[in-house]
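In our numbering, the protein residues as written are 4 to 389.
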Ligand SMILES: Nc1ncnc2c1ncn2[C@@H]1O[C@H](COP(=O)(O)OP(=O)(O)O)[C@@H](O)[C@H]1O
Ligand SMILES: [Mg+2]
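Rendered as structure tokens:
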């Protein structure tokens, strides 16, 4: 059987919205693959999230919405193919990055102990604080009261100024809720203080903690002096080149900043013993430069790679314009709200062509008329100016 290419791969997508001080989940746990030459229909009742889902492909979520989990990988060879300079200066940068990575790699030997130290510290931290459950319980209550206050304040605005009675009673309700909020906040503080006092006074626990912590710290110091293997060094060279490829599209200043940012993230990952040979782990670590570029090959003066385009992670409008309207487009449901009745038909088609194909007005007109003819619109030349 012929292997079909996946064009768009969605994994575990989740979208949330900020609505009046609360965060609501609109869709969650959506995964699907769209293959080349395949159509896919999404069916669901009104409000089930069909539109929200598709808007994530084009960066068109309303401004109060955001992707809180998951990935949308776009496989588009033309967009993915990446070449960056690998001249003398660039080689020096790669060498510097490589040296730093090798230095950090020593930390990988101590990762297990490091994680033990962190777990020990977290345990102590938890012991001197109230439980997460109790804290969450308080937070939920406080959020609910805050929400009710906001609702009442909004309602107060709608009361006619002559209705003094209603204004007064609303004000009283708000006051009661504000007192309730203050009490919740005071209770939470008191409970936190209690927990921290109790932990401080538990001297046998504290002594055991200190001795265990000292033991682990000494072990850690010893572990991270080992010699980094050739295999790890090779992996680091590959990562150094991926860093260069991934930051290559930035100007000099932003590139330096991005490389330093990535080094910091990688150092932390090594400290924690993350599996850096794992593709998904590496994709995640490169999140802060938006796109990881996977190394493919190189020549004397160029590095060549392929970009992992994760639409869920795009932050800049500049990146979207490479994709939206060029590689992924939306045809809206309701033409009456999509087309503007006071702009000519031709203009509404040609303005899109000009925006995305960087051509002249004359050229755009020709292309628009060609498209109109193609879909069977009669007298396209004339209709263009209607
Ligand atoms: N900007 C927004 N703010 C808050 N909630 C929203 C927003 N846009 C959509 N939603 C909510 O997301 C859910 C899914 O909506 P939508 O994707 O439009 O449904 P449909 O399947 O009918 O296209 C609905 O509950 C809707 O109220
Ligand atoms: Mg819809």
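Idealized CB from N, CA, C, for every residue including glycine.
Straight-line gap, residue i to residue j (C-alpha atoms, nearest Å)
i: residue 178; j: residue 22; result: 24 angstroms
i: residue 195; j: residue 201; result: 10 angstroms
i: residue 3; j: residue 135; result: Because the chain is modelled from 4 through 389, residue 3 falls outside the range shown and cannot be assessed.
i: residue 322; j: residue 360; result: 16 angstroms
i: residue 139; j: residue 276; result: 31 angstroms
i: residue 357; j: residue 40; result: 27 angstroms
i: residue 247; j: residue 267; result: 15 angstroms
i: residue 316; j: residue 331; result: 16 angstroms
i: residue 1; j: residue 55; result: Here the chain covers residues 4 to 389 and nothing more, so residue 1 does not appear.
i: residue 81; j: residue 10; result: 12 angstroms
i: residue 354; j: residue 292; result: 32 angstroms
i: residue 170; j: residue 183; result: 20 angstroms
i: residue 389; j: residue 176; result: 59 angstroms
i: residue 364; j: residue 325; result: 21 angstroms
i: residue 218; j: residue 271; result: 22 angstroms
i: residue 295; j: residue 306; result: 14 angstroms
i: residue 153; j: residue 382; result: 58 angstroms
i: residue 386; j: residue 366; result: 17 angstroms
i: residue 318; j: residue 349; result: 32 angstroms
i: residue 61; j: residue 351; result: 20 angstroms
i: residue 172; j: residue 158; result: 12 angstroms
i: residue 290; j: residue 234; result: 25 angstroms
i: residue 180; j: residue 33; result: 39 angstroms
i: residue 250; j: residue 304; result: 17 angstroms
i: residue 236; j: residue 107; result: 11 angstroms
i: residue 68; j: residue 257; result: 28 angstroms
i: residue 297; j: residue 375; result: 41 angstroms
i: residue 401; j: residue 133; result: Since the first residue of the chain shown is 4 and the last is 389, residue 401 is not available in this structure.
i: residue 284; j: residue 314; result: 17 angstroms
Whole-number beta carbon distance between residue j and residue i, since they are thought to touch under 8 angstroms
i: residue 36; j: residue 72; result: Not a contact, Cβ separation roughly 18 angstroms.
i: residue 312; j: residue 77; result: 4 angstroms
i: residue 46; j: residue 30; result: Going by Cβ atoms, the distance from residue 46 to residue 30 rounds to 15 angstroms, so no, they are not a contact pair.
i: residue 70; j: residue 13; result: 11 angstroms between Cβ atoms; not a contact.
i: residue 83; j: residue 309; result: 5 angstroms
i: residue 229; j: residue 109; result: 7 angstroms
i: residue 118; j: residue 239; result: That pair is no contact at about 21 angstroms.
i: residue 243; j: residue 100; result: 4 angstroms
i: residue 191; j: residue 141; result: 5 angstroms
i: residue 127; j: residue 212; result: 6 angstroms
i: residue 149; j: residue 328; result: 41 angstroms between Cβ atoms; not a contact.
Within-7 angstroms CB hit, residue i to chain D
i: residue 201; result: The chain labelled as chain D is not found in the depicted structure, where only one protein chain is given.
Residue i, buried or exposed, once every other Cβ within 10 Å from all chains shown has been counted against 16
i: residue 3; result: The question about residue 3 has no answer, for the chain in this structure spans 4 to 389.
i: residue 111; result: buried
i: residue 122; result: exposed
i: residue 185; result: exposed
i: residue 59; result: buried
i: residue 288; result: buried
i: residue 115; result: exposed
i: residue 26; result: exposed
i: residue 207; result: exposed
i: residue 265; result: buried
i: residue 245; result: buried
i: residue 345; result: exposed
i: residue 89; result: buried
i: residue 262; result: buried
i: residue 113; result: buried
i: residue 368; result: buried
i: residue 87; result: buried
i: residue 269; result: buried
Self-check item: Contiguous alpha helix (DSSP H) assignments of at least 4 residues, all confined to the stretch 72-135
Solution: 80-83, 91-108, 114-130
Quiz item: Which ranges would you report for the alpha helix (DSSP H) in the stretch 297-364 if only whole runs of at least 4 residues count?
Solution: 320-326, 338-341, 348-360
Quiz item: Closer than 6 angstroms from C-beta to any heavy atom of ligand 2: which residues, in chain order?
Solution: 53, 54
Quiz item: Can you list the alpha helix (DSSP H) stretches of 4 or more residues lying completely in the stretch 263-302, in chain order?
Solution: 282-288
Practice problem: Let me know the alpha helix (DSSP H) ranges lying completely inside the stretch 161-221, each 4 residues or longer, listed in chain order. | Solution: 167-204
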